[in-house]
Amino acid sequence: MDVADRRTLLKLTGGAGVLALSGCLSTTDDGDGSGDGGNGDDGSGDGSGDDGSGDGSSDDDNGDDSTDAYEIGMVDSLTGSLSAFGERNQRGVELALQRVNEVGIDGRDLELIVEDSESENQGGIAAAQKLVNQDGVPFLIGAVGSGVSLAIYESVVQDTDVVQLSQNSTGLNLTDFPGLLRMSPSGRTQSLALANLIDDDGYDEVAITYVNNDYGQSLTDAFVEAWDGEVAYNNPHDQEQQSYSGVISEMNGSGADAWLFVTYQAEFATMVNEVFSAGYEAQFYGADSVSGDNVLENTPEGSMDGMKIVVPSAPVEEENYQTFASEFEAEYGQQPTSWSAYAYDCVMNAALSIQAADEFTGAALQDTVRRVSGPEGEEATTFEAASQILSDGGGPDDVDYQGVSGPIDFDENGDPVGFLQILEVQDHDYEGIGFIEG
Amino acid sequence: MTVLGYLANGLVFSSIIVLGSIGLSLVYSIADFANFAHGDTMTIGAYSALVTFGAVGGLGGAVLGLPYGFFLALVVGIAVAAVVAVGTEKLIYEPLDIDSIGLLITSIGIAFIYRAVIQIRFGADFTRFDVEPLRPIEWLVPYGIRVTLHDVAIVASAAVLVIGLHVLLQYTDLGRKMRAMADNPDLARVSGIRTKRIKLWTWVIGAGLAGAGGVFLGLFNQLSPRMGFNLLLVIFAAVILGGIGSVYGAMAGGFLIGMINQLTPLLSRLGEVLPLVPDGFGIPIGIEYANAIAFVIMVAVLLVRPNGIAGEAAT
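Protein sequences appear in the order of chains A and B. So for the first sequence, my numbering puts the first residue at 8; every next one is plus one. So for the second sequence, my numbering puts the first residue at 79; every next one is plus one.
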């Protein structure tokens, strides 16, 4: 009996240990996935995460003199594979709420009800439904992953007046839904920028390899569409392969001197090492997801020098971004990412559209949300300045809020003016060599 | 790149697959279950070598572009992989009184545990051995062969290990006992062979070879917690192609699968390569399907020889 008991105990302990470990594993896996594949994931829009926040506002009975806070919602990836983005978003959001509520919107506060999407379509839809149907928010910020943003739009927002503004989705297909706004630029701007960049460098032939998923495919298709020269080689590769020597030897065999990589860091590092040990020479170009410190650390010194990469970026040289960055650092002890800046601007844009609107309804906000940050009107770089213009009797077209993430200026498809930075690898390090607006 | 170049690449890649598949086949033949933790055993070998190499450094001289310290790290990688595998056998597989399907499922769990432990310690990001990267060997480049001294080292070390195993199996007492046990465990036992001890030795050899494969995989490409697991499917294909349970079959299967994987680019321009085929002829298939092609060939071989290349004829 004794023995049996001990054995049972051991089994249970062992089982618990295994469970605990497997728990750790999946958590770590997910976290890492979103961390290092982060840019890529986001760009591809195959991850989906959003969090919804909304606080039910009891005061959306318009026109009354209520002093209750305005309540809007946000769907964010607080958990799940894109939780790293959710974390970044929340920092930007908190900072933005502080700035808005220091000034107030016509004497009232702004409140944000945040709901978790678990980085999944289903979770995102549930969160958005809660916010829109129960809390009755007229303005919904969400989501991170492009798939989640679209799912929310199609199943919750589409046939209502609710304004949806995605904070981090970069998937190309969101452009086809003009009612779905987003703060982060479409991946298409990256493809266009790359096509122009390679063309400006005087190449008329390019060899492309892309990661075999939605992200790689859509970015590459957009590139090929924008590219006037010849495409000498254009082939996908699978993720996590142990060797890409076939890919690089075919790229070399294509005869093109400009090689474009649309893939993730680990895959790209493998390719660089194989290019180096095979002794090939080419001018490299890359989409944002091939850049990273882990790539620099794991490739031979000098093996990528001269490579040019286009990354979505906040206008880091603008004064309002620098103010944002220093405030962010004072608050959180670290530099902001552009993902925080996008979330920050979402809240700012929402607050201004509420102030500019006659009433706190979706229909009214639909009308003002694009105009307060649109190109007409006086430029304002802070909420305080923009809010001042509005309280001085200005209409939505009299103010042009300039975000910390860029000029915003939503186009007819709901996409912002993209702000991209060109990085060049010099002495095995990334150096910014310019910005592209488009 | 010329045909020779692709063949050279294939040889390097095959060497790694062969090391992995021998161990898998060996363990299958004696412990009688498909060990899904085998890929992660390779990862353990690679990371042990990474730590050792980081600690001991280069130790002065170098052979084939690799510092002496790396070879020490290789030995440690082999040893740690073997110790971990034996420990797992003693602690988990042996006390578990279940059939081979149960063991198979258990080994999937073990694989998760190995990977989790590595990931907890080293993070999920990839890394590389701190070995000076090399350019291709210059006098081979005119022939279209672009391999580095490291690649030569991988092939040479794999050859030494494979020949060593051959000698062990054919000419030593242990090898004879192992073969006897693989043939018929019960008969081996009644003949006075201590089968438990032989089983342990099998684990040591199988996991040790996997560890070596892992170290070379890290040198060839990079180290990441999923490196071994990502290769496992290909290794299984090699083992099944060779005839599961047969060590020599695993060698042949590993060689073939590795070669096919690297020769895929040639398929689209078969005409230029093969003598009697018109120049424009080719099978238009992208290299992203390299693994799929390997599996198609595996299935084709199995249709002709249901027990694999080296498998015994079905009774």
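Every residue, glycine too, gets a C-beta built ideally from N, C-alpha and C. Just so you know, these numbers come straight off a predicted model, no measurement behind them.
The beta carbon of A:Ile-396 is closer than 7 angstroms to those of Glu-385, Ala-387, Asp-405, Val-406 in its chain, skipping five residues each way along the sequence. One Cα belongs to B:Gly-331, the other to B:Gly-180, and the distance between them is close to 26 angstroms. Annotation for B:Gly-358: Gly-349 place their beta carbon closer than 7 angstroms to its own, counting only its chain and skipping 5 residues before and after. At the C-beta level, A:Val-376 and A:Val-169 stay beyond 8 angstroms of one another. Residue pairing by DSSP places A:Ile-215 opposite A:Asn-241, A:Leu-267 in a beta bridge. The beta carbons of B:Leu-104 and B:Gly-389 sit no closer together than 8 angstroms.
By the criterion of a C-beta distance shorter than 7 angstroms, B:Ala-368 is surrounded in its chain by Asn-339, Thr-342, once the five residues flanking it on both sides are discounted. Against A:Glu-288, chain B offers no close residue; the least beta-carbon distance is about 11 angstroms (beta-carbon pairs closer than 7 angstroms).
Secondary structure note for A:Ser-345: its alpha helix (DSSP H) is the uninterrupted segment 345-363. Chain A places no beta carbon closer than 8 angstroms to that of B:Ile-241, leaving this residue out of the contacts. Contact between A:Gln-428 and A:Val-318 holds: their C-beta atoms lie close to 5 angstroms from each other, under 8 angstroms. Taking C-alpha positions only, B:Leu-174 is separated from A:Gly-425 by approximately 59 angstroms. Residues of chain B whose Cβ lies closer than 7 angstroms to the Cβ of A:Asp-245 are, in chain order, Glu-366. Cα atoms of A:Glu-274 and A:Asp-295: separation of roughly 13 angstroms, rounded to the nearest angstrom. Nearest C-alpha to A:Pro-343 among A:Asp-422, A:Thr-86, A:Ala-91: A:Ala-91. In chain order, Gly-286 make up the part of chain A whose C-beta sits under 7 angstroms from the C-beta of B:Val-219. When 7 angstroms is used as the limit between beta carbons, B:Pro-214 is near these residues of chain A: Ser-284, Ala-285, Gly-286, in chain order. Following the DSSP letters along the chain, one finds A:Asp-206 in no beta strand (DSSP E) but inside the alpha helix (DSSP H) bounded by residues 194-207. With a threshold of 16 other beta carbon atoms within 10 Å, B:Trp-217 falls short and is exposed. Excluding the 5 residues flanking it on each side, A:Gly-130 has same chain C-beta neighbours closer than 7 angstroms at Asp-123, Ser-124, in chain order. Counting every other CB atom within 10 Å of its CB across the protein chains shown gives A:Ser-333 a total below 16, marking it as exposed. In the structure shown, B:Arg-257 falls within a helical segment according to DSSP collapsed to helix, strand and coil.
DSSP places A:Leu-430 inside the beta strand (DSSP E), whose first and last residues are 426-433. Against chain A, a Cβ distance below 7 angstroms from B:Asn-299 picks out Gln-249, Ser-250, Thr-277. For A:Gly-439, the enclosing beta strand (DSSP E) covers residues 436-444. Residues of the region 256-271 of chain A with a C-beta atom less than 9 angstroms from some C-beta of chain B are Ser-256, Glu-257, Asn-259, Gly-260, listed in chain order. Here A:Ile-255 is not near A:Tyr-210, since their CB atoms are 8 angstroms or more apart. The straight-line gap separating the alpha-carbon atoms of A:Ala-364 and A:Val-411 is approximately 23 angstroms. The Cβ neighbour count for A:Tyr-328, taken over all protein chains shown within 10 Å, is at least 16; the residue is labelled buried. In the structure shown, A:Ser-250 falls within a coil segment according to DSSP collapsed to helix, strand and coil.
Beta-bridge partners of A:Leu-172 (DSSP): A:Ile-148, A:Leu-188. With a beta-carbon spacing of about 6 angstroms, A:Asn-175 and A:Tyr-349 fall inside the 8 angstroms limit used to define contacts.
Using a Cβ-Cβ cut-off of 8 angstroms, A:Asn-220 does not count as an interface residue toward chain B, since no Cβ of chain B sits closer than that to its own. At least 8 angstroms separates the CB of B:Asn-113 from every CB of chain A. The region 226-239 of chain B makes no contact with the region 304-324 of chain B; the number of CB pairs closer than 8 angstroms stays below 3.
Counting the other Cβ atoms within 10 Å of the Cβ of A:Ile-132 gives 16 or more, which makes it buried.
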